[in-house]
Amino acid sequence: MSVRRLAIFLLGLCLLCVNFMPEEQQAMNSLVIEADAGKHTINKNIYGHFSEHLGRCIYEGYWVGEDSSIPNVRGIRQDVVEALRKIEIPVLRWPGGCFADDYHWMDGIGPRGDRPTLINTHWGGVTENNHFGTHEFLDLCEQLGCEPYVCGNVGSGSVKEMRDWVEYITFDGTSPMADLRRGNGRNEPWKLKYFGVGNENWGCGGNMRPEFYADVYRRFQTYVRNFSGNRIYKIACGSYGENYEWTEVLMREAASQMHGLSYHYYTVPGGWGNKNSATEFDESDWFETMRLGLKIDDYIAEHSTIMDRYDPEKRVGMIVDEWGAWYLVEPETNPGFLYQQSTLRDALMAGLNLNIFNSHCERVQMANLAQTINVLQSLILTKDENIVLTPTYHVFDMYKVHQDAIMLPVRIQCRDYVFEEEKIPCLNVSASRDDEGKIHVSLCNFDPNKAVKVTCELRGFPPPNLKGHVLTADRINSFNTFKNPNEVKPRKFDAFSLKGSTVTINLPAKSVVVVEISK
Ligand code: AHR
1 MSVRRLAIFL
11 LGLCLLCVNF
21 MPEEQQAMNS
31 LVIEADAGKH
41 TINKNIYGHF
51 SEHLGRCIYE
61 GYWVGEDSSI
71 PNVRGIRQDV
81 VEALRKIEIP
91 VLRWPGGCFA
101 DDYHWMDGIG
111 PRGDRPTLIN
121 THWGGVTENN
131 HFGTHEFLDL
141 CEQLGCEPYV
151 CGNVGSGSVK
161 EMRDWVEYIT
171 FDGTSPMADL
181 RRGNGRNEPW
191 KLKYFGVGNE
201 NWGCGGNMRP
211 EFYADVYRRF
221 QTYVRNFSGN
231 RIYKIACGSY
241 GENYEWTEVL
251 MREAASQMHG
261 LSYHYYTVPG
271 GWGNKNSATE
281 FDESDWFETM
291 RLGLKIDDYI
301 AEHSTIMDRY
311 DPEKRVGMIV
321 DEWGAWYLVE
331 PETNPGFLYQ
341 QSTLRDALMA
351 GLNLNIFNSH
361 CERVQMANLA
371 QTINVLQSLI
381 LTKDENIVLT
391 PTYHVFDMYK
401 VHQDAIMLPV
411 RIQCRDYVFE
421 EEKIPCLNVS
431 ASRDDEGKIH
441 VSLCNFDPNK
451 AVKVTCELRG
461 FPPPNLKGHV
471 LTADRINSFN
481 TFKNPNEVKP
491 RKFDAFSLKG
501 STVTINLPAK
511 SVVVVEISK
């Protein structure tokens, strides 16, 4: 037998052996975590959220009004505030979305009964009463203990309108806008760090070409002033999906005048014209959702490479200010309200996206899930005085340990999750070290049929104490309802063992697990 033939024979034999080995003996699923390395901080704002005047997000979701029988503080429902405080929401983007470029902030100040109405042309054509405006939003952020991120109107607004909004919110001296604010009951200015100069200006925000928007951005941002010691982090409207041209032009023409450039990516299994049901789906839809969700990793990498050419120091942050899964609306609900349920599939979606943002934390400085309450991939659903926490909420709760921690490089080797002709890696992971020295590893097992045994070697860190949480459920489409709010909820996890500096973790099928390793 020739040497070549012998080599092929031996290789074939090895592959055969691996195939017949019980999974626990296959060294295929392994992680190496450089526990004493790590240079970049996971900005806590990666765990941010987005809330638009859309459907029942603002009204009913946050705002019930001061006279409501639902417990509220100055009109803002307290069960929701309490739930979002628990996950340590760091930043909230408002008022849109597409709504932002149709919103005129002056309509939303002053006595509520005197505020003009407006037609919400993007979302159901309903009449907006403007009862939730600037004061209410900034009050909400104070109650949540999070940073406000305001998105200004470029598409149908004026430079003066945008300039005046910033003066109204942040100026502490005597001026027409500061005096107007005082007249409306707020003496002290607010601090406002994050300001977006338009939203999706390539689409609903004005259908502009990148060259045109770059010039418009340069003009508008000039008048977004730093008043009274307040320093604004200016965010230009960025790209979506694979539109690399927009990023190229914006970086080339305007990088020096921005602090952040936004980016949007929605996971839409079936495509825009043929969306999935949020709850009635099979394994092929599950697989497709994970496959499409994972694409954001390459998209971020590609947009970052373009940004690197103009900004090798990574001064400009990538702000993923809209992301999440987008399905069909729930039956018998207003199609313009985008109300969808959230299942275990969305927990995996949240887990994989957050892992990917963590791993790109050198460039990604903020991310905002669309859209917090009663819209798209929500954390919370409300019905009158009741609320229900979705599987997505629980992932944010489990992952909050990564906020402001140092990202640790992870090398992953794992088997594939194969469905029909296609495959994706069965595992998706990120790791970080917090300021107490604790290490957290978050893992997603996409395979809905098989558990995964994974060895995790911690370089430079002897790991004596382990604890963890797992989120899984009986079915891929299990979800929480008002009647049964605890169908999908995290449980204590202890399916791990320790040998030397290697932890072996048994991940259940279709699960999200976070393990804490401490000295
Ligand atoms: O989140 C729903 C919509 O999706 C937003 O208003 C818009 O920015 C995006 O197209």
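Take the sequence shown: its position 369, counting from 1, is numbered 369 in this note's numbering, and each next residue is one higher. Backbone N, C-alpha and C define an ideal beta-carbon position, used for all residues, glycine too.
Around the Cβ of F396, a 10 Å sphere holds 16 or more other Cβ atoms; the residue is buried. Here I42 has N358, C361, H402, A405, M407, S432 as same chain residues with Cβ atoms under 6 Å from its own Cβ, once five neighbours each way along the sequence are excluded. Looking at the backbone, the Cα of G145 and that of P90 are separated by about 8 Å.
In the DSSP assignment, Y263 forms a beta bridge with S239. For T247, the enclosing alpha helix (DSSP H) has its first and last residue at 244–254.
In the pairwise beta carbon analysis, the stretch 95–107 is classified as touching the stretch 35–53: at least three pairs are separated by under 8 Å. In the DSSP assignment, G196 falls within the unbroken beta strand (DSSP E) covering 194–197. Here the stretch 122–131 does not lie against the stretch 217–227, with fewer than 3 beta-carbon pairs under 8 Å apart. Within its own chain, the residues whose Cβ lies closer than 6 Å to the Cβ of S497, once the five positions on either side in sequence are excluded, are T504, listed in chain order. If you look at G183, you'll find it in the alpha helix (DSSP H) that goes 176–183. By the Cβ-count criterion, P391 is buried, with 16 or more other Cβ atoms from all chains shown falling within 10 Å of its own Cβ.
Contact annotation: M258 and V316 have beta-carbon atoms nearer than 8 Å.
Residue ranges of uninterrupted alpha helix (DSSP H) with 4 or more members, entirely inside the stretch 135–171 and ordered along the chain, are 159–170. Under the three-state reduction of DSSP output, M349 falls in the helix class.
Using a cutoff of 7 Å, the CB of L379 does not count as near ligand 1, since none of the ligand's heavy atoms is closer than that. By the Cβ neighbour-count rule, S69 is exposed, with fewer than 16 other Cβ atoms within 10 Å of its own. With a cut-off of 7 Å, the C-beta of A370 is classified as near ligand 1, since at least one heavy atom of the ligand falls inside that distance. Taking a 10 Å sphere around the C-beta of D321, we find 16 or more other C-beta atoms and assign the residue as buried.
L389 has its Cβ no nearer than 7 Å to any heavy atom of ligand 1. Looking at the backbone, the Cα of W190 and that of T170 are separated by about 5 Å. For L92, the enclosing beta strand (DSSP E) stretches over residues 91–94. Here the distance from the Cβ of C98 to the nearest heavy atom of ligand 1 is below 7 Å.
Taken in chain order, the whole beta strand (DSSP E) runs of length 3 or more contained in the stretch 291–330 are 317–325. For P462, no alpha helix (DSSP H) segment is defined, and its DSSP state is neither H nor E.
Under a 10 Å Cβ-count criterion, N130 is classified as buried, with 16 or more other Cβ atoms of the shown protein chains found around its own Cβ. Within the DSSP secondary-structure output, R209 pairs in no beta bridge. Of the candidates E211, F212, C204, K193, the residue whose Cα lies closest to the Cα of F227 is K193.
Rounded to the nearest whole angstrom, the CA to CA distance from V441 to W94 is 31 Å. Contact between L389 and G324 does not hold, since their C-beta atoms are separated by about 16 Å, which reaches or exceeds 8 Å.
Per DSSP, reduced to three states, the secondary structure at P335 is helical. With 16 or more other Cβ atoms from the protein chains shown falling within 10 Å of its own Cβ, W246 counts as buried.
Proximity to E420 across P111, L379, D285 peaks at D285, based on C-alpha coordinates. Here Q78 is exposed. Its C-beta has fewer than 16 other C-beta atoms within 10 Å.
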